[in-house]
Amino acid sequence: MAAAVPWDTQEDVSQTLNREEPEHQSRGYLRSCLFWKECNVGVVSSEMFDNLQNAEIIGALTKDFNEDSVNYPLSTPGPQLKRFKAGLCEFAQLLVYSCRNSLIYDEYLFPSLLALLTGLSDSQVRAFRHTSTLLAMKLMTSLVKVFLGVSIQLQTAQRRCDIECSKRDPDRASDRLEELKASISELHENKEEVSSMMNGMFRGVFVHRYRDQLPEIRAICIEELGIWLKLDPEHFLNDKCLKYLGWTLH
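Residue numbering for the sequence shown follows the numbering used here, beginning at 46 and increasing consecutively.
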């Protein structure tokens, strides 16, 4: 039986981000670290990550794993399950929180991470699919929180800019106004970037897994959808999202 990996979540996130350099030399480390935390099975070299596409990596992992196995951390009952699940969820939350002002917008770290999770969540291997879906949905929830935070920052910056613009020319601080306009532009870009990641995660994982044959996976998706509805009703309380909740009830 695969045992849940004990970890210091804050330390793991710190080590992951400290190795994430601008040149992206840590690509293999980030992904192998993530996969080890997910399923605690298999060994994948950094060379594989550097030279293979996600589909090829997943294919190699699948080849070395017993698809019929039901023994993996999230399938283990009792305290072990609770510890592993809590640690994995905390890892997702802390990773996004730690990156919210920088690496989340670097066009590499999170797109690569989300692409790998999307592929794993579509795997025929139950262990891969179950754990990747949980991690993906928890990352999505954390991204929703970042989206809301950026939206508030944008509203504040826009309000300050409007106030500055309403002043008479002698009282207007031109340098301050330029700073506010630059901040607004950056926040708009950040908001669009986070929204794009959220939409990709929703379409790439949620839409395919909310009707998964495994009830635990279906429950993960619907539970997180309920959280999104509460956190950001403006974004999620619409027919496009509510239809999935309705279909689940039938």
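Idealized CB from N, CA, C, for every residue including glycine.
Scanning the stretch 195 to 258 from its first residue to its last, the whole alpha helix (DSSP H) runs of 4-plus residues come out as 219 to 246. Around the beta carbon of residue 166, a 10 Å sphere encloses 16 or more other beta carbons of the protein chains shown; the residue is thus reported as buried. Residue 273 sits buried, since 16 or more C-beta atoms from the chains shown fall within 10 Å of its C-beta. By the 16-neighbour rule on beta-carbons within 10 angstroms, residue 291 is exposed. In the three-state scheme derived from DSSP, where H, G and I count as helix and E and B as strand, residue 170 is classed as coil. Pairing residue 201 with residue 246, the inter-Cα distance amounts to about 28 Å.
With a cutoff of 9 Å on beta-carbon distance, residue 195 and residue 239 are scored as near each other. Annotation for residue 223: no residue places its beta carbon closer than 7 Å to its own, counting only its chain and skipping 5 residues before and after. In its chain, beyond the 5 residues on either side, 166, 250, 254, 257, 262, 265 and 266 have a beta carbon closer than 8 Å to the beta carbon of residue 178. Around the beta carbon of residue 283, fewer than 16 other beta carbons sit within 10 angstroms, so the residue counts as exposed. When Cβ pairs closer than 8 Å are counted between the two stretches, the stretch 117 to 129 is seen to touch the stretch 175 to 193, the count reaching three or more. Judged by their CB atoms, residue 190 and residue 106 are not nearer to each other than the 9 Å cut-off.
By the Cβ neighbour-count rule, residue 96 is exposed, with fewer than 16 other Cβ atoms within 10 Å of its own. DSSP, read as helix, strand or coil, puts residue 282 in coil. Residues 202 of the same chain have their beta carbon placed closer than 7 Å to that of residue 228, with the five preceding and five following residues left out of the count. Here residue 145 carries a coil assignment [DSSP, helix/strand/coil]. Put simply, the stretch 180 to 187 touches the stretch 130 to 139. At least three CB pairs are less than 8 Å apart. For residue 107, the uninterrupted alpha helix (DSSP H) segment begins and ends at 99 to 108.
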